[in-house]
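Quick notes on the structure that follows.
There are 2 protein chains.
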Amino acid sequence: MAGHSKRSQIVEAGLDLVHRQGFASSGVAAIAVAGGAPKGSFYNHFASKDVFGVAVLDKYFEEVRAEFAELLADTAGTPLGRLQRYFDLLREGGTCEGYARGCLVGNFSAEVTPTSPVIRARLQSILSEWRDAIAVVVQQAQDAGQARQDVPAGTLAALIIDAWQGALLRAKVERTSAALDGFAQVLLPSVLGADTR
Amino acid sequence: MAGHSKRSQIVEAGLDLVHRQGFASSGVAAIAVAGGAPKGSFYNHFASKDVFGVAVLDKYFEEVRAEFAELLADTAGTPLGRLQRYFDLLREGGTCEGYARGCLVGNFSAEVTPTSPVIRARLQSILSEWRDAIAVVVQQAQDAGQARQDVPAGTLAALIIDAWQGALLRAKVERTSAALDGFAQVLLPSVLGADTR
């Protein structure tokens, strides 16, 4: 039990470290120390750094999942309004440090996929689950005649997440909200075909 | 002169390495060796790893710049058609290794910006230059009544690049063309407000 709780502490502190400075930049000794464990003890808790990477990603995605669970439970307003509110909430989580952290799912997609098949596989299932959740609301928008109907809801949902990830990348570079404003005001409504022009 | 040419060789081989496996994952010894230089000679050629990172990014962006110079010189067909052709060309460059490499500008945005102010500053000027080039064609589309006019061309151009970068991230995860198909068929025309629905 002590071992399990130490592992959780390492995952939690390691998530913060990896989100701040990247996966490859975070050495196993620094990760162990951040979690309050001896410098050399990393491999007592994780069979490999990739196994740790998956654990960190799962921990991060728990929060993403909690946020889209709220989106799905939300029944106030139009589907588009709910999606906008959802992305506004996600965005609030990233304002600290001037958007420098971005989304761990996007960061890992950029940095870790070429070298880690196991993390890439986990990202694939995470992106599917996220897309399916967004697709429920996109489908509601389509059924209400508030979104284009010539593209399947799942396809639109995946493209919305793509646009979001791209905006987060630019925000990491610019350290301003411009890209996220553009996402909310232009990208999201226009992908849905819901803009009010 | 020999020193200069050796530096160029390290930048060229280092670009390939960094594009394949990430910046932090590419150690300075491996970078030197890839460029045919002695293992310990990296710092004879670069004052820091960040200086090398900027050189690699500049080298990479030379190609991106050559491609958008062709876009700007292109006069055949509609502005939207030219933009679509342009992104089709960019895409062809990434099909090897199943889209695993992605765009170095996006990869660096995700991985390196939190830890390197100098690389972040260079990414900022690169994104501005790229946006301005795309904006010329977006403006042509607006003037021809083929794109929405309620959002400035520069804003639309930046959002198009964001959407492109996001699609490339997903392609790195899925290793299929689905995200890039979605960009070409849905994201690009809908951001421009040019879809034919």
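Going down the list, the protein sequences come from chains U and A.
To convert a position in the first sequence, counted from 1, into my numbering, add 189.
To convert a position in the second sequence, counted from 1, into my numbering, add 189.
A virtual CB, placed ideally from N, CA and C, is assigned to each residue, including glycine.
Bear in mind the structure is a predicted one, so any value in this text is a computation, not a measurement.
Rounded straight-line distance, which links the Cα of residue j to that of residue i
i      : j      : result
S230/A : T302/U : 30 Å
F257/A : K361/U : 24 Å
A356/U : I220/A : 31 Å
Q198/A : E281/A : 25 Å
D247/A : T267/U : 46 Å
D205/A : A244/A : 13 Å
T385/A : G270/U : In this prediction, T385/A has a pLDDT of 43, which is less than 50 and means its spatial position is unreliable; what the coordinates show is noted afterwards. Between T385/A and G270/U, the C-alpha separation is close to 25 Å.
R196/U : L345/U : 38 Å
L369/U : Y232/U : 39 Å
L272/U : F235/A : 47 Å
S194/A : R311/A : 23 Å
M190/A : V200/A : Any reading at M190/A needs caution, since the residue's pLDDT is 48, under 50, leaving its predicted position unreliable; the model's value is listed next. About 15 Å.
A342/A : Q335/U : 26 Å
A383/U : D321/U : 20 Å
Within chain A, partners of residue i - CB distance below 8 Å
i      : result
K228/U : Within 8 Å Cβ-Cβ: nothing; K228/U doesn't reach chain A, min ~20 Å.
S298/U : A299, L358, R359, K361, V362
V380/U : V375, L376, S379, V380
Within chain U, the residues that residue i reaches when beta carbons sit closer than 7 Å
i      : result
R309/A : V362
A213/A : G211, A213, S214
G282/A : Chain U residues near G282/A: none, gap ~16 Å exceeds 7 Å.
G295/A : A299, L358
Residue i - containing alpha helix (DSSP H), residue span
i      : result
F241/U : 238-262
Y275/A : 268-281
K361/U : 342-363
R309/U : 306-332
Where residue i meets chain A, residues with beta-carbon distance less than 9 Å
i      : result
T302/U : A289, G291, L358, K361, V362, R364
V314/U : Residue identity differs from the one stated: residue 314/U is Ser in this sequence, not Val. Residues of chain A passing the Cβ test: none, with the nearest at roughly 10 Å.
A368/U : A347, L348, D351
Contacts of residue i in chain U (Cβ-Cβ under 8 Å)
i      : result
R209/A : P303
G371/A : T344, A347, L348, D351
Heavy atom of the ligand ZN within 7 Å of residue i beta-carbon
i      : result
A219/U : This structure does not include the ligand ZN; it has no bound ligands of any sort.
The stretch 343-354 of chain U: positions lying closer than 8 Å to chain A by Cβ: T344, L345, A347, L348, I350, D351, A352, W353, Q354
Mind checking the stretch 228-250 of chain A against chain U and listing, in chain order, the residues whose C-beta falls within less than 9 Å of any C-beta there? none
Determine which residues of the stretch 313-342 of chain U have a Cβ less than 8 Å from any Cβ of chain A, and write them out in chain order. Q313, L316, R337, D339, V340
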